[in-house]
Structure formats: structure tokens, C-alpha cells
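In our numbering, the protein residues as written are 128 to 250.
Everything below concerns the one structure shown next.
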């Protein structure tokens, strides 16, 4: 089982990773952040994505959609933002954000690796 630091370090080994964060959905605060550039602050991106995750959860409730969000993908001109809510009981109310360079990333591989990292995360 991996702790937050190990999980974020593993996320940063994914091809094209620019930044990663573990975020509390209730507050929008990052519990851990790695990476970033002068143009990209993963903590700021993660806080903004909190509203997106909440909105999607509300929409699912209004529509009566059963199940859980596996991941949310935001495609930008130069980046992918991959958001993965944690499914373990110990991770309830948390989500991972992985920001990828679109030119260097393999999206399918990144999704799979993030799924594996999430499965190993022990909080």
C-alpha cells in the first residue's frame, strides 16, 4: 500500500506528467501536490476541478444515474487533466488530479496507471 507521497511520485512517473495532486472534495484543498511549471500550479488546477467534480455528482443525482465516476477527462490544447475520485472507504471525499502534456502522454496508459495508483493508495 502506498501513502500520499509515494502515490504522487508514482503519478509523476507517468509519461508526460506535468503535475499531480490529491484533493479534498469538501474544501478544495490539496492534501499533497507534486510537479508544476512556471505556467501551471497543480494546486490551483485541483481547487478549480473541485467545482467540476461536485457539479458532475449533482448532475448524476438529478438524472438518477447509478454508479460512481471513474474518471473525468478535460482536454486542452496542450494538456490533459485527468481527475479520478477515490473509491476506497478510506479515500471517500478525495480525488486525484493528474495533469499531462498532451504531446508526450499516452492517455489510455495514463488512465490505467492512475487507476492502479488509486487502488494502492492507503490513507
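Every residue, glycine too, gets a C-beta built ideally from N, C-alpha and C.
>> At the level of alpha carbons, what is the spacing between residue 162 and residue 146?
In response: In the chain shown, residue 162 corresponds to position 35, counting from 1. In the chain shown, residue 146 corresponds to position 19, counting from 1. If you take the alpha carbons of residue 162 and residue 146, they lie about 4 Å apart.
> Since residue 228 is in the beta strand (DSSP E), which residue starts that stretch and which ends it?
Replying inline: Your numbering for residue 228 matches position 101 in the chain shown. That run of the beta strand (DSSP E) goes 221–228.
> In whole angstroms, what is the alpha-carbon distance linking residue 232 and residue 141?
Replying inline: As a position in the chain shown, residue 232 is number 105, starting the count at 1. As a position in the chain shown, residue 141 is number 14, starting the count at 1. The straight-line gap from Cα to Cα measures roughly 8 Å.
> What does a CB cutoff of less than 8 Å around residue 219 pick up in its chain, not counting 5 residues either side in sequence?
Replying inline: For this step, residue 219 is matched to residue 92 along the chain shown. These residues qualify, in order along the chain: 213.
> So which of 223, 192, 151 has the shortest CA-CA distance to residue 241?
Replying inline: The count along the chain shown starts at 1 and reaches residue 241 at position 114. Here the closest residue by C-alpha is 223.
> For the beta strand (DSSP E) that contains residue 209, what are its first and last residues?
Replying inline: Locating residue 209 in the chain shown gives position 82, counting from the first residue. Unbroken beta strand (DSSP E) run through residue 209: 206–212.
> How long is the line joining the alpha carbons of residue 157 and residue 190, rounded to whole angstroms?
Replying inline: Looking up residue 157 in the chain shown gives position 30. Looking up residue 190 in the chain shown gives position 63. C-alpha separation (whole angstroms): 29 Å.
>> I'd like to know whether the C-beta atoms of residue 211 and residue 228 end up nearer to each other than 9 Å.
In response: Reading the chain shown from its first residue, position 84 is the one you call residue 211. Reading the chain shown from its first residue, position 101 is the one you call residue 228. No, the pair does not count as a contact, with Cβ atoms beyond the cut-off.
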